[in-house]
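Residue numbers (the numbering used here), protein chains in the order written: chain A, 6 to 313; chain B, 6 to 313; chain C, 6 to 313; chain D, 6 to 313. To keep things clear, I will list the structure first and then write my remarks on it.
Protein chains: 4
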Amino acid sequence: MKLANARGVYVIAPTPFHADGRIDEASIDRMGDFFVAAGVTGITVLGQLGEAPKMTHEESVGIVKRVIARAKGLPIVVGVSAPGFAAMRALAQETMSAGAAGVMIAPPNTLRTDDSIVQYYRQASEAIGADVPFVIQDYPLTFSVQMTPAVIRRIHTENASCWFLKHEDWPGLDKISQLKAWEKDGSMRPLPILIGNNALFLDFEMERGADGANTGYCFPDMLVDVVRLSKEGRREEAHDLFDAHLPLIRYEQQPGPGLAVRKYVMMRRGIIASDTLRKPGAQLSPAARAEVDYLLSRVARKDPRAKL
Amino acid sequence: MKLANARGVYVIAPTPFHADGRIDEASIDRMGDFFVAAGVTGITVLGQLGEAPKMTHEESVGIVKRVIARAKGLPIVVGVSAPGFAAMRALAQETMSAGAAGVMIAPPNTLRTDDSIVQYYRQASEAIGADVPFVIQDYPLTFSVQMTPAVIRRIHTENASCWFLKHEDWPGLDKISQLKAWEKDGSMRPLPILIGNNALFLDFEMERGADGANTGYCFPDMLVDVVRLSKEGRREEAHDLFDAHLPLIRYEQQPGPGLAVRKYVMMRRGIIASDTLRKPGAQLSPAARAEVDYLLSRVARKDPRAKL
Amino acid sequence: MKLANARGVYVIAPTPFHADGRIDEASIDRMGDFFVAAGVTGITVLGQLGEAPKMTHEESVGIVKRVIARAKGLPIVVGVSAPGFAAMRALAQETMSAGAAGVMIAPPNTLRTDDSIVQYYRQASEAIGADVPFVIQDYPLTFSVQMTPAVIRRIHTENASCWFLKHEDWPGLDKISQLKAWEKDGSMRPLPILIGNNALFLDFEMERGADGANTGYCFPDMLVDVVRLSKEGRREEAHDLFDAHLPLIRYEQQPGPGLAVRKYVMMRRGIIASDTLRKPGAQLSPAARAEVDYLLSRVARKDPRAKL
Amino acid sequence: MKLANARGVYVIAPTPFHADGRIDEASIDRMGDFFVAAGVTGITVLGQLGEAPKMTHEESVGIVKRVIARAKGLPIVVGVSAPGFAAMRALAQETMSAGAAGVMIAPPNTLRTDDSIVQYYRQASEAIGADVPFVIQDYPLTFSVQMTPAVIRRIHTENASCWFLKHEDWPGLDKISQLKAWEKDGSMRPLPILIGNNALFLDFEMERGADGANTGYCFPDMLVDVVRLSKEGRREEAHDLFDAHLPLIRYEQQPGPGLAVRKYVMMRRGIIASDTLRKPGAQLSPAARAEVDYLLSRVARKDPRAKL
């Protein structure tokens, strides 16, 4: 099975809404253009922070098609996590037919044993079709499921359609080192690792061997630069740029208000028209909004992109 | 708002499949006829043990319509629990239009604080429509969400469309006593309580004031009798009948294999054609099957219905 | 390493208190005599239902010594589960010096991956001393830790001092079958299995190959009889006796009030003087007390021991 | 009841060990001197990151006494969290007699409902003595217990001995605003808030009204400065200093390796002799050690204290 390369930045796209909660298609288009211009290498839609569970099936398919149409050939990954395989299969098959490059699957938060996790991905792959490339989402902080490197290797080895790892374990640096060591010594076929968790450790994760990022921080263009600088071995520059954003990265990484922060900044950057979230979704308090503004003003001293 | 009465047995219907996993409509019909003949007062479809998450939206709607058509006017409750409000609303509205009497909503297993539970039901009711009667499913063993009596009272008081409580907390006897005391002293408007948890405590739950059962044990006709005997004050007879089934009730209450047990017995009783579960679903081992047969033979000594 | 045999009934002893919460030593003695007379083959003290965390270290050691002195040579197992290895080691070493036969260790409820469970038992054994026989307590309902049969085999194989398994997984029948199959085909050295979970499945667990019970139901003398009848192949008699008690077993198995039920019945049987629990501990409501009395009266029709 | 003021930095002290795991008393003394010189206003010993569960009762008492002796009159808070009240009471009473100013209590990770949390603190306070000042530790990330502001207010209002809040909820900024608003409008008696969570949000938490920090970042002297600058309204200076450390703060905040990072840096600063952790405790990989060194070198460009 031939899988597309996975490196650089696969940006996690939020879903833009009008103030009344309807999907804002013009903003989807503008956002798509922005991502392309920013130099991302792929786009993931309908992830957790794409508010996936708040969309009907029809809305989900519509969003995917709209992003595909705008993405100028970039690979599109579709989040298809669902409480059952029927809905997962339906969304996977319909969006793959529409031109998606693959899907992302998070484990249900009830899985505990190593075997049950491996079995889940086996059954999920069987359900969506063994020819559908899938991404493992490893995010214990949100999903309460802990995958050891050995479990990830088992999933990757068992399923030829396992495409890449969205790595957002925390702590997670040694996990990258372990997986990349196995890749190097041939005890696991190559497994691209794109990191998530709002890029909170992107600086060192790249140095441990990650292939890029798969997250949605409100300055994906900065992520593109850090990944590039790191790949080019320009360590100091990579860290300088990263550290300039870290106070805001940290602020945006908060579960709950984080997505509201992201949308607020993207609105202020003119990428989307409104920072509306669908219910249930945290709203930024005025105090939080002022804090984000202050953080932006501080970032702007070192990165002119943040001058808004 | 006028809500239908809720008492007697609202049976939880399994979803019958053919051996290859397709929905078995003839078995749905036969099962519907059986329930009516057994004297149930309502039917809940697409609950956890109706394998709801394994159905596509279209399949779900089809099952509900088929059951409604067969149920001779009995109220039908539809499980609409979903990870987001969009899917919940879609299923609720479509099935209510088709003639359902109300819906059942379980809380997502991430809720922790009292306020977050109350808010969840408020937002869910808003999402499905304030005119759609809903059932609170209080099942901490499965959902990891703990609702105090005070939380249930808040939900019931806030939402005129709160219909009844599917009570399956464990331990749960004193909870019934508390809620019924509040109902009695007027500090809460009447809240019918139908008990679940495979009826493991039906005997005493009735005596504490429950209005009936809302569960799917493989002999719902027995549940109907125990509820009736208990309401008539025939305590000894109620316990004798209940105790005759308790070894099997306990066996069927096991999470995982329990549903396979239920379907196996319903198949042996001629109610459904196959005991197939969709994936992921536990299969009965030969040893387990033999144990169920043995239990049935023992139940049959005291309840001729179990002679198969 | 030579480990004592483990079969029959290792009763879980409650800790008797005076009404004011002080340890009731006379009741400990009477209880010890009762256990010996009942035919138990071992006694486990300071388990979860021995209210272990409510005792100071000195009290714990005192209880163990008192039970040892009274137990006429029966092997005594001491629950030493603790949030850290220092307290675990201290209690294990002091009670082993006092004549205990081994210790019981439950995993901390934060363990998730297979490896972390295996490592925990390795480190625990190292902490208490590789010569101290230990019992694995496998109770996911209470501890939220799920051990597959393969994990149990790893622990047992790695640690020569692994003595027996207190099996209280739920569902758990096929787990016993799997472990006993490995024992039989030589892929695991013999691992005695004593079942817990208030004996709710003792009837079939014995038939699947369990070696006995390690639980504290208020009629341990009944457990002794069921284990014996089952071992002798007197299946119907075993089930008849078990089923007579099942309504009460189920009632006592409730988390929270269960221990209060157990102590209440043991008080009514004259084994302990008071049914006091230390805080935090559920008290039986008057309604619950009446329900237990009623259950006892029903059990008494088939088992004269319940005539109180 | 008169409670000592709580403001500034109550540093969380690690427990220094020799390489073989014995407690290193000389390092305790040196650390105490360092804290005093750094300008902390209090010291908390035997917290989670003080490796409290790995100590025997005797060791715990010894550590507390040694720190008290060295702290030149600073208030000492003792972590007494335990799975049961007996051990909690024993440690509280013995250390209060030795001169501790109060204790810190974390909720057991099984608490769910609002009432159960409030009741836990009521019973804990009763157990240790109503005259023993206690600190609420609100750390859901580690303890899985979620306390709303209303729950904290209930605990504080019910217990005159409730001293201050160790606030480490995440996200947590609006929580501080809410509590301080209640304090201001008189609907809650004053509740000092010292923030934890490795100070990851110290900058904004101070601006929301926090009274200081109660955490153990390897540069407590920096925390003292940030708290002071913030209190003096020197916002830019506070953020500049904080941001200089943020890359390392983030690195140290990782659960697991975080404590190893802290001890490693404190060892490099000459405060403690060894960075040994007792089992089970993560060791820093060589890669992690090099990353910390690199981070220190970067911090040193802006804060000379980091020049090692």
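We treat Cβ as the ideally placed atom computed from N, Cα and C, and that holds for glycine.
>> As a quick exercise: from B:Gly84, B:Ser290, B:Pro225, B:Val83, pick the residue whose alpha carbon is nearest that of arginine 274 of chain B.
In response: Start at 1 with the first residue of the second sequence, and residue 274 of chain B comes out as number 269. Per the Cα distances, B:Pro225.
> Is any beta-carbon of chain D found at less than 7 Å from that of aspartate 143 of chain B?
Replying inline: Counted from its first residue, the second sequence places residue 143 of chain B at position 138. Chain D, which has no Cβ nearer than 7 Å to the Cβ of aspartate 143 of chain B, makes this no.
>> Beta carbons nearer than 8 Å to chain C: which residues of the segment 243-270 of chain D have them?
In response: none
> When burial is assigned at 16 or more other CB atoms within 10 Å of the CB, is glutamate 296 of chain A buried or exposed?
Replying inline: Within the first sequence, numbered from 1, the residue matching residue 296 of chain A stands at position 291. The C-beta of glutamate 296 of chain A has 16 or more other C-beta atoms within 10 Å across all chains shown, which makes the residue buried.
>> Quick check on the burial criterion: 16 or more other C-beta atoms within 10 angstroms. Buried or exposed for proline 315 of chain A?
In response: Nothing can be reported for residue 315 of chain A: it is not among the residues displayed for chain A, which extend from 6 to 313.
>> Below 9 Å on C-beta distance, what does glutamine 183 of chain D contact in chain B?
In response: Translated into the one-based positions of the fourth sequence, residue 183 of chain D becomes position 178. Simply none; closest approach about 12 Å.
> Should threonine 61 of chain D be flagged as near chain C, meaning a C-beta pair shorter than 7 Å?
Replying inline: One-based indexing of the fourth sequence puts residue 61 of chain D at position 56. True, the Cβ-Cβ gap to chain C drops below 7 Å.
>> What does the alpha-carbon distance come out to for the pair methionine 152 of chain C and threonine 118 of chain A?
In response: Start at 1 with the first residue of the third sequence, and residue 152 of chain C comes out as number 147. Start at 1 with the first residue of the first sequence, and residue 118 of chain A comes out as number 113. Roughly 7 Å separates the two Cα atoms.
>> Just verifying my parser: in three-state terms, what is the DSSP assignment at lysine 59 of chain B?
In response: Stepping through the second sequence from its first residue, residue 59 of chain B is reached at position 54. Lysine 59 of chain B falls in the helix class under three-state DSSP.
> Run through DSSP, which three-state label would threonine 153 of chain C get?
Replying inline: On the third sequence, position 148 is the one that residue 153 of chain C refers to. In the structure shown, threonine 153 of chain C sits in coil (DSSP, three-state: anything other than H, G, I, E or B).
> What residues match up with threonine 49 of chain D in a beta bridge as DSSP calls it?
Replying inline: For the purposes of this step, residue 49 of chain D is identified with residue 44 of the fourth sequence, where counting begins at 1. Threonine 49 of chain D pairs with D:Ile17, D:Val82.
> Tell me, which residues are paired with lysine 171 of chain D by DSSP?
Replying inline: Along the fourth sequence, read from residue 1 onward, the residue named residue 171 of chain D stands at position 166. In the DSSP output, where bridge partners are listed per residue, lysine 171 of chain D has D:Gln142, D:Leu199.
>> On the CB-based measure, 16 or more other CB atoms within 10 Å of its CB, does arginine 267 of chain B come out buried or exposed?
In response: Taking the first residue of the second sequence as position 1, residue 267 of chain B is located at position 262. By the neighbour-count rule (16 or more Cβ atoms within 10 Å), arginine 267 of chain B is buried.
>> Would you say arginine 273 of chain C lies against chain A (beta-carbon separation less than 7 Å)?
In response: On the third sequence, residue 273 of chain C is found 268 positions in, with the first residue counted as 1. So no, arginine 273 of chain C is outside the interface.
> What's the call for glutamine 128 of chain C, buried or exposed, on a 16-neighbour Cβ count within 10 Å?
Replying inline: Within the third sequence, numbered from 1, the residue matching residue 128 of chain C stands at position 123. So glutamine 128 of chain C counts as exposed.
> For glutamate 173 of chain C versus asparagine 202 of chain C, is the C-beta distance shorter than 7 Å?
Replying inline: Residue numbering aside, residue 173 of chain C sits at position 168 when the third sequence is read from its first letter. Residue numbering aside, residue 202 of chain C sits at position 197 when the third sequence is read from its first letter. Against a cut-off of 7 Å, the Cβ pair of asparagine 202 of chain C and glutamate 173 of chain C comes out as a contact.
> Who are the neighbours of lysine 284 of chain A on chain B, taking C-beta pairs under 7 Å?
Replying inline: Within the first sequence, residue 284 of chain A is the residue found at index 279, counting from 1. Going along chain B in sequence order, the residues near lysine 284 of chain A (Cβ under 7 Å) are Phe90, Gln128.
> Quick one: which chain A residues come within Cβ less than 8 Å of glutamate 237 of chain D?
Replying inline: Counting from 1 along the fourth sequence, the entry for residue 237 of chain D is found at position 232. The contacting residues do not exist; glutamate 237 of chain D stays about 18 Å from chain A at best.
> Leaving out five residues before and five after serine 149 of chain D in sequence, what residues of the same chain have Cβ atoms less than 8 Å from its Cβ?
Replying inline: If you number the fourth sequence from 1, residue 149 of chain D lands on position 144. So the qualifying residues of the chain are Asn114.
>> Please report whether the beta-carbon of proline 58 of chain B lies at a distance below 7 Å from any beta-carbon of chain A.
In response: Translated into positions along the second sequence, residue 58 of chain B becomes position 53. Taking Cβ atoms only, chain A reaches closer than 7 Å to proline 58 of chain B, which makes this a yes.
>> Can you check which of these residues, B:Glu99, B:Val140, B:Ala292, is closest to valine 108 of chain B by C-alpha distance?
In response: Numbered from 1 along the second sequence, position 103 holds the residue referred to as residue 108 of chain B. Taking only the C-alpha atoms, the option nearest valine 108 of chain B is B:Val140.
>> From the DSSP secondary-structure annotation, give me the bridge partner or partners of methionine 109 of chain C.
In response: Counting from one through the third sequence, the residue named residue 109 of chain C turns up at place 104. According to DSSP, which records beta bridges pairwise, methionine 109 of chain C is partnered with C:Gly84, C:Val140.
>> Just checking glycine 37 of chain A against the ligand MG - is the residue's beta carbon closer than 6 Å to any of the ligand's heavy atoms?
In response: Of ligands this structure carries none, so the ligand MG is not represented either.
> From proline 154 of chain C to lysine 59 of chain A, what distance separates their C-alpha atoms?
Replying inline: What you label residue 154 of chain C is simply residue 149 of the third sequence in a count that begins at 1. What you label residue 59 of chain A is simply residue 54 of the first sequence in a count that begins at 1. Their backbone Cα atoms lie some 39 Å apart in a straight line.
> Residues of chain B with a CB under 7 Å from the CB of aspartate 119 of chain D: which are they?
Replying inline: Residue numbering aside, residue 119 of chain D sits at position 114 when the fourth sequence is read from its first letter. Chain B residues near aspartate 119 of chain D: Thr118, Asp119.
> When Cβ atoms are compared, which residues of the segment 288-311 of chain C fall closer than 7 Å to chain B?
Replying inline: Per Cβ criterion, the list reads Ser290, Ala292, Ala293, Glu296, Arg303.
> Within the chosen definition, does the segment 277-295 of chain B reach the segment 228-237 of chain C through at least 3 CB pairs nearer than 8 Å?
Replying inline: no
> Does the beta carbon of alanine 278 of chain A sit closer than 7 Å to a beta carbon anywhere in chain B?
Replying inline: Position 273 of the first sequence, counting from 1, holds the residue named residue 278 of chain A. Output row for alanine 278 of chain A: interface = no.
> For the alpha helix (DSSP H) that alanine 278 of chain A lies in, which residues bound it at each end?
Replying inline: Start at 1 with the first residue of the first sequence, and residue 278 of chain A comes out as number 273. Neither: alanine 278 of chain A is in no alpha helix (DSSP H) and is coded neither H nor E.
> If you measure from the beta carbon of alanine 103 of chain C to each beta carbon in chain D, is any gap under 7 Å?
Replying inline: To locate residue 103 of chain C, count along the third sequence from 1; it is residue 98. Chain D, which has no Cβ nearer than 7 Å to the Cβ of alanine 103 of chain C, makes this no.
> Whose C-alpha, out of C:Leu178, C:Ala204, C:Ala105, is nearest the C-alpha of valine 137 of chain C?
Replying inline: Taking the third sequence and counting its residues from 1, one reaches residue 137 of chain C at position 132. Closest option to valine 137 of chain C, Cα to Cα, is C:Ala105.
> Which partner residues does alanine 165 of chain D have in the DSSP bridge list?
Replying inline: Numbered from its first residue, the fourth sequence carries residue 165 of chain D at position 160. Per DSSP, none; premise fails for alanine 165 of chain D.
> Any Cβ of chain D within less than 7 Å of the Cβ of alanine 155 of chain C?
Replying inline: The residue given as residue 155 of chain C occupies position 150 in the third sequence. Not closer than 7 Å to any Cβ of chain D, the Cβ of alanine 155 of chain C fails to qualify, so no.
> Do you know how far the Cα of leucine 146 of chain C is from the Cα of alanine 33 of chain C?
Replying inline: Locating residue 33 of chain C in the third sequence gives position 28, counting from the first residue. Locating residue 146 of chain C in the third sequence gives position 141, counting from the first residue. For the sequence presented, residue 33 of chain C should be read as isoleucine rather than alanine. The straight-line gap from Cα to Cα measures roughly 29 Å.
> Per DSSP, which one or two residues make a beta bridge with alanine 218 of chain A?
Replying inline: Translated into positions along the first sequence, residue 218 of chain A becomes position 213. DSSP output for alanine 218 of chain A lists A:Val14, A:Ile200 as bridge partner(s).
> Where does the unbroken alpha helix (DSSP H) through serine 182 of chain A begin, and where does it stop?
Replying inline: Along the first sequence, one-based indexing puts residue 182 of chain A at 177. 178-189 is the span of the alpha helix (DSSP H), which, as asked, contains serine 182 of chain A.
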